[in-house]
Amino acid sequence: MADLKKLAEEIVGLTLLEAQELKTILKDEYGIEPAAGGAVMMAGPADAGEAAEEKTEFDVVLTEAGPNKINVIKEVRGITGLGLKEAKDLVEAGGKVKEGAAKAEAEEMKTKLEAAGAKVELK
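Last residue of the sequence shown: number 136 in this note's numbering, and the count goes up by one each step with no gaps.
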């Protein structure tokens with residue numbers, strides 16, 4: 014009889030690709046399918062960090078206009094294409110300047126707005 018503890022350690026140590034291959038072998042050659050939830054597909058704790066995705070889209074949120082409101086309004090107009098009144102209202106109320114911006118684009122907007130005197134967050 015096989016050493017079950019060693020076998021269990023080997024199964025837990027499988028990568029996702031190896032676990033998928035094991036699932037295919039068990040299904041095709043032995044007719045064994047994993048129960049709902051896929052116990053065979055369970056990844057070990059080492060794979061949990063790899064599964065986390067880095068955020069790629071950010072919302073640029075104006076939290077405070079600062080003392081140079083006119084410069085901030087100019088930057089908001091340049092970024093959003095809004096008219097003067099709409100940009101002024103956005104700057105005075107605060108809120109999202111841009112939604113779903115790429116990381117580099119969001120960082121650039123934040124830098125421009127902060128240079129104009131605003132306080133900005135990326136969410």
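All C-beta atoms, glycine included, are put in the ideal place defined by N, C-alpha and C.
Distance check for residue j and residue i, CA to CA, integer angstroms please.
i	j	result
leucine 73	arginine 90	Residue identity check: residue 73 is valine in the sequence provided, not leucine. Rounded to whole angstroms, valine 73 to arginine 90 spans 14 Å at the Cα level.
leucine 126	glutamate 77	10 Å
proline 80	leucine 95	21 Å
isoleucine 92	valine 110	8 Å
alanine 21	isoleucine 45	17 Å
methionine 122	isoleucine 86	13 Å
glycine 107	glutamate 67	27 Å
isoleucine 38	glutamate 31	11 Å
Under a three-way DSSP split, which group does residue i fall into?
i	result
alanine 78	coil
lysine 123	helix
glycine 108	strand
Who are the near neighbours of residue i in its chain, counting only those whose CB is closer than 7 Å to its CB and skipping five residues on each side?
i	result
lysine 116	Thr69 and Phe71
Ordered along the chain, which non-local residues of its own chain (more than five positions away) have a Cβ less than 8 Å from that of residue i?
i	result
glutamate 120	Leu135
alanine 129	Gly79, Asn81, Asn84, Val85, Lys87 and Glu88
Using alpha carbons as the reference points, say which of the options lies closest to residue i.
i	options	result
aspartate 102	Ala114, Ile83 and Glu112	Ile83
lysine 132	Leu75, Leu97, Ala100 and Gly108	Leu75
threonine 124	Leu17, Ala32 and Glu88	Glu88
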